[in-house]
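Sequential numbering from 1180 applies to the sequence shown in the working numbering. Glycine included, every Cβ here is placed at the ideal spot set by N, Cα and C.
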Amino acid sequence: MFSLIHSAHAQASDAQVAAQCFVNRINEVILFPLIALLMAVAFLLFLYGAFEYVKNSNNEAARETGRNHLVYGVIGMLVMLSAMAILGIAAGTFGLNVPDVSCGSLVAP
């Protein structure tokens, strides 16, 4: 009975380690920097909207444009935070954020 439980925690194969390293590299090089960039753009849009709203406080149409930019900036930041949360949950669910996997030890055949 205990031998079945012990065999369930076997070492990861080279293909599993390679796949995990590939996903980790995609996350590190493409996804997380892209999300950070889009978060910065959304924050700048928010700041621009706040500036527009305050600068044009006497013009109702320009103030509405500033308010729209504020809302779009907040929505953009919420979407980027949600994307980070979803990626973190997915990585935790599928075991892709295991810190003890050494990606440098893989050699192409």
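So, is residue i buried or exposed, given that buried needs 16 or more other C-beta atoms within 10 angstroms?
| i | result |
| --- | --- |
| E1231 | buried |
| Q1195 | exposed |
| T1249 | Strictly speaking, residue 1249 in this sequence is Leu, with Thr absent from that position. Result: buried. |
| F1225 | buried |
| G1271 | exposed |
| G1228 | buried |
Going by alpha carbons, who is nearest to residue i out of the options?
| i | options | result |
| --- | --- | --- |
| L1217 | A1229, Q1199 and V1253 | V1253 |
| V1258 | A1221, A1194 and H1248 | A1221 |
| L1210 | C1282, V1250, G1255 and G1267 | G1267 |
| L1256 | N1238, V1208 and A1215 | Note that residue 1256 is Met in the sequence shown here, rather than Leu. Closest option to M1256, Cα to Cα, is A1215. |
| L1260 | R1246, L1213 and G1228 | L1213 |
| A1269 | V1208, N1238, A1229 and N1203 | N1203 |
| M1263 | E1207, S1192, D1193 and A1198 | E1207 |
Between residue i and chain B, is there a C-beta pair that is closer than 7 Å?
| i | result |
| --- | --- |
| V1253 | Considering every chain present, this structure includes no chain B. It has just one protein chain. |
Would you say the beta carbon of residue i comes nearer than 6 Å to a heavy atom of the ligand FAD?
| i | result |
| --- | --- |
| I1268 | Ligands are entirely absent from the displayed structure, and the ligand FAD is therefore not among its contents. |
Keeping to the same chain, check which residues put their C-beta closer than 8 Å to that of residue i; ignore five residues upstream and five downstream.
| i | result |
| --- | --- |
| A1240 | none |
Between which residues of its own chain and residue i is the CB-CB distance below 7 Å, once the five residues before and five after are set aside?
| i | result |
| --- | --- |
| T1244 | E1231 |
| A1219 | none |
| Y1251 | L1224 |
Leaving aside the five residues before and after residue i along the sequence, list all residues of the same chain whose C-beta is less than 6 Å from its C-beta, in chain order.
| i | result |
| --- | --- |
| K1234 | none |
| D1193 | none |
| Start-end ranges of the alpha helix (DSSP H) lying completely within the stretch 1228-1275, minimum 4 residues | 1239-1272
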